[in-house]
Structures are given as C-alpha cells and as structure tokens.
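Novice: Quick one: the structure is below, and I'll ask about it shortly.
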Amino acid sequence: MILTVETHALGRRFGRTEAVRDLDLTVARGSIYGLVGPNGAGKTTTLRMLVNLIRPTSGHASVLGKDSRRLQDRDLRRIGYVGDPSTLPRWMSVGRLIAHCRPLYPEWDDAFCGRLLARFHLPVERKVGRLSRGERVKLALLLSLAFRPELLVLDEPFSGLDPLVREELSQGALELAIEGDWSVLIASHDIAEIERLADHVGYLDEGTLVFSEPLAELQERYRAVEAMLPGTDEPDGSYPESWLDVERAGRIMRFVDRAYDRDKTSHDLRRMFPGIQEHTASAVPLQRVFLAHARESRRKAAQR
Amino acid sequence: MSDATAADTRARRHVLPRVVRQIVRKDAGHLWPIAVLWLSSLVVTVLAFAAESEILAFAIWPVRTVCLYTLAALVVLEDPLAGRDAFWRTRPISLATLLGSKALFLGLVVFVPAVASEALQMTRIDLPSTRLIEIVGLAALWLAATLTIAAASAASANGFVRFVGFWIGAYALATIASYPLWKIIERRHFLELGDPAPTWMSPATGLLLAAVAIGSATLAILGRTRRLGLARFMVAIPVLYLVVASPRENVVLTSTFATDRSLPPETLNATLESVRARTDLDREIVTATFVVSPDPLPVAVSSVRVEGAIEFSDGDRIPVPSRTLFLQSVQQGDAASLLTTTRPLPPVPVSTVLAALPPADSEEFAGRKGTLEIRVEFGVQRIGVLALPFEKGATAMRQDAGFRIDHAALIDGSPNLRLAITSLRQNAGTWHQNDIFLLNRGLEEIAGFSRSSSGSPLSAGLTIPWPRVFFTEIELACEGPISGHRGRWTSPASGGFQRVEGVLGDDWMGGAELVVVDRRYEGVVTQWFRKEGILLWRDRPPR
C-alpha cells in the first residue's frame, strides 16, 4: 500500500495546550480519509501541520513521501488545500484569481477547470469579496482541483453551507476526485457527508486519535445494542470498555459497542444482568458513533 | 539526469521567473492607483525643483512620503508574510520567489524612479560627477533602507492598520525616549555649538537599521507569528534610533560649561560703529564691537548670542537679525570653529554687523530716530543689554529668515576684502549645497567662489557638499588684495567649515551684490530653498 500521508507521534503544542499528541495517521493513495472529532479535537491543527502551515513540536509527518516541514513549491504543486475561504484575495475577480493561479501549476487542466466552473455556477466577473461563503468555498475547491493534485486536503469544507451547495461540492468535486487516483483528506463536522464520501475514517479527540480504520470495518465493528433487562437493578461491576454511551430507560438498555461480537456481548450482558434474555444489534450510522464517542469523552472529562 | 528530473528542472527554470512576473503583475494590477500617484509626485518634485518652486516642493513632500510608505507596506501585505493563513502559503510559491517579486515591484515602481528623480535634480546643479555618484549612492542606500524598514514592519504587522499603528507607536516611543535629550538641547542651545557632522545618517547606520528590520521580520516570518515580531520591531527601531542618533549630541557642552552661572551685566561692553560704504546706491553698514570683559569664563568659552531691535521714536520696531558670535573665530581671525577648550580666553573684541542700511535719503526712514537695543546671551544666560542711540534715517536691512549674511567688511585697509557669511539651519540631510557669487549687474558679470583645495581657477558658483548637516555654520572668507576677480582660490576645510579665498578687482566690486543660493537635500526627501541677499556695496575700503 502506497501511503500519501504518514505521521509518527506527531504533536503540536500551543503554550500549555497540547492540541495534538502522538498522532499516528496514515492515508493510503487513492483513498478518501475522513477525520472527525468534536470542536478543539485538533483536526485543523493536524491538517495545517501536514501542509506546513504550522510546524509540529514533536513527531514527524510525511506527505507525498516528503517531510512536511520541508515541503517546497514543487511539492505544493501536487497538494490541494482548502482551508478558510476568507483568505482568498477579495479584490480579485473570480476569473482573475483563476488566471493568477493557473501559471503556478504546470499540470493545470483548463478543460477540467472549465467543467468545475460550470458545475459550480461561479460568476467569473464577480469579485471574490462579493461572493457568498458557499461560492468562496467552491472557488477555493476549484483552485485546488484544477491542477489535479495527488493529495487534496479539505478543512471543514461543508461548514456553514446549505444542503444544495453541499450537494454540489460533494457531487461535483469529491466525486470527480474519486474518478482519479487522488487521495483526499477531509476534516469535517458533517458526519453524513464523511460517511457518504470517505472510505477511511479517523476519530480525533483532545488531540488523540481514538480510532482510524476503513469505514466498512468500522461499520462492521460498531453496533447499536438494545436489550430488555430483567429488572431495574444496577449491574454488578462496571460496563465493559467497549460499551459507549450506555443509556437506560427503565428495563431497556441501549449502548454502542465498538467491538461487537455477538457471543461476547451476550456473555457480558448475562454476567452483568443475570436472567437477561436475548439482545438485538443493528448497524450504527457514523453519526451515532461520533456522538457515542463524544459523550463518552465528555463523561470521562466530567469524572476527572 | 532522468527525464523526470530534467523536466522538473526545466519547469522550475521557466516557471519561477514566470511566477515572479505573475505576482508583480498581480500587485501592479491592484496597487496601480497609488503607484501612479507616487510616480506623479516624483515628476512634480523634479518639475518643482526645475521651476524653483519652494511651495510646490514642500507641498508634494507629504504626498510623496505617504505614497512611499503605503506602497512599501501594501505590496508586502498583498501576500502577508507572517501568520499562518495567507493564501500563497498553500500555493507553489516559495518565500524566496515571493520576496523576489516584492523586491522587484518596489525596485521598479519605487526605488529606480526615486533614485532617477534624485539624480535628475542633482544633475541640474552641476555637481562633480564623483560627488554626484557619491550622493546618489548615499540617497539610494537610504532609500533602500527606508523601503526595507517599511516593508519589514509591514511584514511583521501583517495588516495595514497595524502597520500604521506600529509607526505611530514607534514614533511615540522614540519621542518619549529622546525627550530628556531634547530638553538638554533646548536648554543649552548647543546644537549650534556642537559637532555639525552627525554620524547617524551614514551608510553603516542605514545598513544597520535595514539589517535589524530584516532580522525582526525574518523572526516573524519563520515563527509565523506577528505579535512578538511586531513588538520586537516596535522596540528595536526606536532603541536603535536613539543609539545611532546619540553621537550627534556629542557637543561641547560638557559639565564644565557654566550655563547656570549668573554673570554680571557689566561683563559685556559694546560700542556701536558705523562704516559708510558709498556706492551708486549708498548704503551704510552698522556694526557693533563687543568686548567681553573681564575674562568672564574660566571654563569653555564658546559664543555669545546677539539679538536686538531698532526701536524708532515713532514706535516702529525693526528686529536685528539674531546671530551667534564665535569668540575664537574672531580671535584667530579666520575660520570660525567651535570651542571645546577649558582654557580661559582673554577678552576679545568681537565685531558684528547689525544692519545694512538703505540710502540716507530713503523716504521711509528719512529723519527718523530711534534706539538700537541689543541683548547678548551666553548659553541661556543673558549677559548684557545695550541701548545705543540710533539716529540714522534708514532701516536695518531685512534678511530672510534661515539664512543671513552677517559680516561684510574690508579688513586690513584697502584693498583687502573679507566676507563672512553665516548660515544657521536645522536639517539632517545627506548633502548641502551653497551657490554663492558676487553679481555686478552693471557689468553683467558674476564672480563666483570656487571651492577647490588644489587651487583651481575661479568659476561661477560655490559648491559646498555637506554630507551630514545638522546645525551648521558656514563661513566663507575671502581675503586678499583686490586686484581682479581672476585668480586662484583655495578652500581649506576643517571642522566642517569652508574657507574660500580669492581676489576681486576693486573697481569690479563697486555696486556688486552677493547672491546666495542655498539648496538642501535630505536623501529621498529633497528640499531646496533660495535666499538672496544684497550684502556689499562699496567703492572704497573702510578705515
């Protein structure tokens, strides 16, 4: 497997705050990697370290086979980055900005750029400062796609966009990316979009990568479990570590098991609640996984 | 070399210059209104100089200065260097390419036109080519340093409002920090006694300031943070300014200088003398001879300051131009120089021209009487107030402020001539020029004073290159037998003073007037002014 991004114990500190710590992350060539996590989890910091916008304070990151701290202009010709769209030069028109960026990339694809322009319905004559946020995101995406990068890094591209624009972005850009052999690393709160687009998912919480695996495996491993308890008594002992977001409503208990195995889960349930009957397990949407982890994290923080 | 590598090398070879051009074009496309204003201001400056329009030259100065700093800042802020969010940072633009493009823009739009403008102005005043190159080089260096500092502070500030705030803050810090220094200066008048050649505006200082600016900006850029960089910068520049500016205050006012000591009024004695110089336009030179006695100063003796006014009986009042007398210069009889000695000096009569008067039958002054009151100050200490009768039906000749022709007398009897021209000015320019010549309108001839240490023939115009002028006294002395205006002139220079000697025909001098044209340059901020004064009308030597 050829890795486009590979980090080893990557860390970044801002004063006393450890934004990212000991991050081991890999993004395979041709994959779409979704990085999710609550606010302040370190997603943006991670992406910025990868494109050398900020320097790590520990560890190492390799992007397209090169140390992220030593990325040069020739490397950046292979990396598309969409961050805060407000950094686009406001005084330029859309057409002028495209014309300005075009000579920077020997691989710039005019035909592809034209297709993106049409698909995104961007007004060529309008100044960037007068574009809506959605239009600016689309423009930033266009400027990062038109040279067919080997790695596309998207930082919260769907944030604040209406569903139509999200659909345009998803359909128009990312699916086009899938057509090529590009790698996409996308950090977003929009779990539904990540679930639809990504084939790998990583969950970052308080700067630590909680899990990182193919989406299919994750969906196979995580299950929403529901069981009818024999009574309302508290269980003997604590819940297994793999149970997240345990809820009880009378005799009904629900939780997300992140390492679901029917026999093991049945055994654990019977051990904690003698006399319990069968339980049901269903596939978990990524949104539910995200919420389960977020709540678990909040609960642990409250206990500390 | 593999095909891929070769292709990449070719691509880089072609792409990089193209990227630089691309960025320059982009910046020019955005900043062209300010660039046009800047270039127009340079054209107006050159035209103002050619037309000798002082008002226009001064009026365009703020426009030019604001344009220069604004352009330097905005071109950098087009692609912010510090911080983490600049658009270019995730684009294939290296820092070197970006800096190169910014330097190219500033070079083409700001630097080259400004230097060309300076050179154009200087070529109009017939400077020797070596001197021209030297001055243009110095002006170019300071312009480069100014641009570097402006651009570097903009890079650290990372925003135009912060950039403006930075300069206001830096100026305020420098002002506050230098306040005690200026209090001393104000109290002791010692600017005119000090070393007239401050060292701070030297190439080394320019390079040092630019280096500090670059270093501070580099830290901000590499650290990708602006706050610390800007703070460092804001402190560094005023501190450096004070450090480099301090040597110019290396003045004679040492602790032994008795500025606080009260001196008795009788220290000063003076007599009023009148020297009549008859010409076709009759004039009279009124002089006063001061004797400082008894030896009042067991410490450094420098100068006394004279000022006063003619008070007419009808209430009209004509001020006497103030001037500073340098005792030692009179004692030595030639070049004025400043004293730092702690050795007491013997009482020395000091003679000074107080007024040059128009004809006695002038309608304005015929029959009027008045009193000439003279105040004489030593340092901050007033040491004498004189009230002398003045019954001349004429007025003191008004000289333009800023440049006075103080001393004109024939010495040692006929046919020797001595001219002493004093100019006090406050500037800190890169160079200074005086054109001084005698003009005989009747003969339509000009006799110039040529500065030449090798004794070159007389030529029209005297050029006094003055690389570093702060407060300056220039004394021109012309001594010798008046036998014609041809001859050899020498100008031994010492201590920042020029002395020119030469010969002029006695007959030629009748009705001649002395014209002084003063031009002053301050690096990229070119200023000039012209003062003309009629000094000498004579057809016979004084007794």
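From first to last, the protein sequence lines stand for chains A and B.
FYI, the numbering for the first sequence is 25 to 328, going by my numbering.
FYI, the numbering for the second sequence is -4 to 538, going by my numbering.
Where a beta carbon is used, it is the ideal one built from N, C-alpha and C, also for glycine.
Could you tell me the boundaries of the alpha helix (DSSP H) in which R245 of chain A lies?
Specialist: Stepping through the first sequence from its first residue, residue 245 of chain A is reached at position 221. Segment L239 to R245, the alpha helix (DSSP H) holding R245 of chain A.
Novice: Could you check the C-alpha separation between V14 of chain B and A208 of chain B for me, to the nearest Å?
Specialist: As a first step, residue 14 of chain B is located in the second sequence; it is residue number 19 there, counting from the start. As a first step, residue 208 of chain B is located in the second sequence; it is residue number 213 there, counting from the start. Near 26 Å, if we compare the C-alpha coordinates of A208 of chain B and V14 of chain B.
Novice: Am I right that L101 of chain B and A146 of chain B are in contact with their C-beta atoms under 8 Å? What's the rounded C-beta distance?
Specialist: Sequence index remark: in the second sequence, residue 101 of chain B carries index 106 (1-based). Sequence index remark: in the second sequence, residue 146 of chain B carries index 151 (1-based). That belief holds up - the Cβ atoms of L101 of chain B and A146 of chain B are roughly 7 Å apart, short of 8 Å.
Novice: DSSP puts G58 of chain A in a beta bridge; with which residues?
Specialist: As a first step, residue 58 of chain A is located in the first sequence; it is residue number 34 there, counting from the start. DSSP output for G58 of chain A lists A:I210 and A:V225 as bridge partner(s).
Novice: Using the C-alpha atoms, what's the distance from W83 of chain B back to A156 of chain B?
Specialist: As a working mapping, residue 156 of chain B is identified with position 161 in the second sequence. As a working mapping, residue 83 of chain B is identified with position 88 in the second sequence. Per the sequence shown, the amino acid found at residue 156 of chain B is Val instead of Ala. Rounded to whole angstroms, V156 of chain B to W83 of chain B spans 21 Å at the Cα level.
Novice: Rounding to the nearest angstrom, what Cα-Cα distance links V19 of chain B and E174 of chain A in this structure?
Specialist: For the purposes of this step, residue 19 of chain B is taken as the residue at position 24 of the second sequence. For the purposes of this step, residue 174 of chain A is taken as the residue at position 150 of the first sequence. Spanning the two alpha carbons is a distance of roughly 29 Å.
Novice: Using a beta-carbon distance cut-off of less than 8 Å, what residues from the segment 73 to 91 of chain B approach chain E?
Specialist: The displayed structure is made up of protein chains A and B, and chain E is not among them.
Novice: Please list the partners that R37 of chain A has in chain B, where partner means a Cβ-to-Cβ separation under 7 Å.
Specialist: As a first step, residue 37 of chain A is located in the first sequence; it is residue number 13 there, counting from the start. Within chain B, no residue comes near R37 of chain A; the closest Cβ sits about 14 Å away, beyond 7 Å.
Novice: Nearest CA to the CA of G64 of chain A: which residue from A:S290, A:F38 and A:V225?
Specialist: Residue numbering aside, residue 64 of chain A sits at position 40 when the first sequence is read from its first letter. When each option's Cα is compared against that of G64 of chain A, the closest is A:F38.
Novice: Strictly under 8 Å for the Cβ-Cβ distance: is K21 of chain B near chain A by that measure?
Specialist: As a first step, residue 21 of chain B is located in the second sequence; it is residue number 26 there, counting from the start. Yes - at least one Cβ of chain A is within 8 Å of the one on K21 of chain B.
Novice: Tell me, please, whether the CB atom of P10 of chain A is closer than 8 Å to any CB atom in chain B?
Specialist: Absent from the model: residue 10 of chain A. The displayed extent of chain A is 25 to 328, so no value can be given.
Novice: In whole angstroms, give me the CA-to-CA distance for R86 of chain B and L138 of chain B.
Specialist: Your numbering for residue 86 of chain B matches position 91 in the second sequence. Your numbering for residue 138 of chain B matches position 143 in the second sequence. C-alpha separation (whole angstroms): 32 Å.
Novice: Report buried or exposed for V308 of chain A, applying the criterion of at least 16 other Cβ atoms within 10 angstroms of its Cβ.
Specialist: Walking along the first sequence from the start, residue 308 of chain A turns up at place 284. Buried is the call here.
Novice: Tell me, please, which residues DSSP counts as bridged to K90 of chain A.
Specialist: Here residue 90 of chain A corresponds to residue number 66 of the first sequence, with the count starting at 1. Partner(s): A:V87.
Novice: Please compile the residues from chain A whose C-beta is within a distance smaller than 9 Å of the C-beta of R157 of chain B.
Specialist: The residue labelled residue 157 of chain B in the question sits at position 162 within the second sequence. Result: empty, since nearest Cβ-Cβ is about 17 Å, beyond 9 Å.
Novice: Can you tell me the Cα-Cα spacing of E113 of chain B and V41 of chain B, whole angstroms?
Specialist: Sequence index remark: in the second sequence, residue 113 of chain B carries index 118 (1-based). Sequence index remark: in the second sequence, residue 41 of chain B carries index 46 (1-based). Their backbone Cα atoms lie some 8 Å apart in a straight line.
Novice: Which bits of chain A does V14 of chain B rub up against, with CB to CB less than 9 Å?
Specialist: Numbered from its first residue, the second sequence carries residue 14 of chain B at position 19. Under the 9 Å cutoff, chain A gives D97, P127 and L128.
Novice: Around the Cβ of D179 of chain A, are there at least 16 other Cβ atoms within 10 angstroms (buried) or fewer (exposed)?
Specialist: Counted from its first residue, the first sequence places residue 179 of chain A at position 155. Looking at its Cβ environment, which holds 16 or more other Cβ atoms inside 10 Å, D179 of chain A is buried.
Novice: Give the DSSP bridge partners of R84 of chain B, in chain order.
Specialist: Translated into the one-based positions of the second sequence, residue 84 of chain B becomes position 89. According to DSSP, R84 of chain B bridges with nothing at all.
Novice: Tell me whether the beta-carbon of L140 of chain A lies closer than 8 Å to the beta-carbon of L185 of chain A.
Specialist: For the purposes of this step, residue 140 of chain A is taken as residue 116 along the first sequence, with counting starting at 1. For the purposes of this step, residue 185 of chain A is taken as residue 161 along the first sequence, with counting starting at 1. Against a cut-off of 8 Å, the Cβ pair of L185 of chain A and L140 of chain A comes out as no contact.
Novice: Terminal residues of the continuous beta strand (DSSP E) containing L34 of chain A?
Specialist: Counting from 1 along the first sequence, the entry for residue 34 of chain A is found at position 10. Run containing L34 of chain A: L27 to F38, per the beta strand (DSSP E) assignment.
Novice: Using a Cβ cut-off of 9 Å, which residues of the segment 44 to 77 of chain A contact any Cβ in chain B, in chain order?
Specialist: Listed by position, the residues of the segment 44 to 77 of chain A near chain B (Cβ gap below 9 Å) are R72, V75, N76 and L77.
Novice: Taking M117 of chain B as the reference, give the member of B:V107, B:V131 and B:V105 with the closest Cα.
Specialist: Residue numbering aside, residue 117 of chain B sits at position 122 when the second sequence is read from its first letter. Closest option to M117 of chain B, Cα to Cα, is B:V131.
Novice: Taking only three categories from DSSP, how would you classify A30 of chain B?
Specialist: Within the second sequence, the letter at position 35 stands for residue 30 of chain B. Helix.
Novice: Say whether chain B places a C-beta atom closer than 8 Å to the C-beta of L112 of chain A.
Specialist: Numbered from its first residue, the first sequence carries residue 112 of chain A at position 88. True, the Cβ-Cβ gap to chain B drops below 8 Å.
Novice: Note down, in chain order, each residue of its chain lying with its Cβ closer than 6 Å to the Cβ of E30 of chain A, except the 5 sequence neighbours on either side.
Specialist: As a working mapping, residue 30 of chain A is identified with position 6 in the first sequence. These residues qualify, in order along the chain: T50 and S86.
Novice: Please report the distance separating the alpha-carbon of A325 of chain A from that of T68 of chain A.
Specialist: Start at 1 with the first residue of the first sequence, and residue 325 of chain A comes out as number 301. Start at 1 with the first residue of the first sequence, and residue 68 of chain A comes out as number 44. Taking the straight line from one Cα to the other gives about 22 Å.
Novice: With a threshold of 16 other CB atoms inside 10 Å of the CB of A43 of chain B, please say whether the residue is buried or exposed.
Specialist: As a first step, residue 43 of chain B is located in the second sequence; it is residue number 48 there, counting from the start. By the neighbour-count rule (16 or more Cβ atoms within 10 Å), A43 of chain B is buried.
Novice: With a threshold of 16 other CB atoms inside 10 Å of the CB of Q301 of chain A, please say whether the residue is buried or exposed.
Specialist: Taking the first residue of the first sequence as position 1, residue 301 of chain A is located at position 277. Per the 10 Å Cβ criterion, exposed.
Novice: When DSSP labels each residue in this structure, what does E470 of chain B get in the three-state scheme?
Specialist: Taking the first residue of the second sequence as position 1, residue 470 of chain B is located at position 475. In this prediction, E470 of chain B has a pLDDT of 34, which is less than 50 and means its spatial position is unreliable; nothing more can be read from the coordinates.
Novice: For S236 of chain A, which beta-bridge partners are listed by DSSP?
Specialist: As a position in the first sequence, residue 236 of chain A is number 212, starting the count at 1. According to DSSP, which records beta bridges pairwise, S236 of chain A is partnered with A:G226.
Novice: To the nearest angstrom, report how far apart A318 of chain A and P62 of chain A are at their CA atoms.
Specialist: Along the first sequence, read from residue 1 onward, the residue named residue 318 of chain A stands at position 294. Along the first sequence, read from residue 1 onward, the residue named residue 62 of chain A stands at position 38. So the alpha carbons of these two residues sit roughly 7 Å apart.
Novice: I'd like to know whether the C-beta atoms of G58 of chain A and A222 of chain A end up nearer to each other than 8 Å.
Specialist: Within the first sequence, the letter at position 34 stands for residue 58 of chain A. Within the first sequence, the letter at position 198 stands for residue 222 of chain A. Contact: yes.
Novice: Would you grab the beta carbon distance between L165 of chain A and F182 of chain A for me? Rounded to a whole angstrom, and I think it's under 8 Å.
Specialist: As a position in the first sequence, residue 165 of chain A is number 141, starting the count at 1. As a position in the first sequence, residue 182 of chain A is number 158, starting the count at 1. With 8 Å as the limit, L165 of chain A and F182 of chain A do not qualify as a contact, their Cβ atoms being about 11 Å apart.
Novice: Secondary structure at G506 of chain B, three-state DSSP: helix, strand or coil?
Specialist: Taking the second sequence and counting its residues from 1, the one referred to as residue 506 of chain B is at position 511. Because the pLDDT of G506 of chain B is 47, which lies under 50, any placement of that residue in the model is unreliable, and the question is left without a value.
Novice: Would a check of beta-carbon distances place Y105 of chain A closer than 8 Å to chain B?
Specialist: Here residue 105 of chain A is taken as the residue at index 81 of the first sequence, counted from 1. Chain B contact via Cβ: present.
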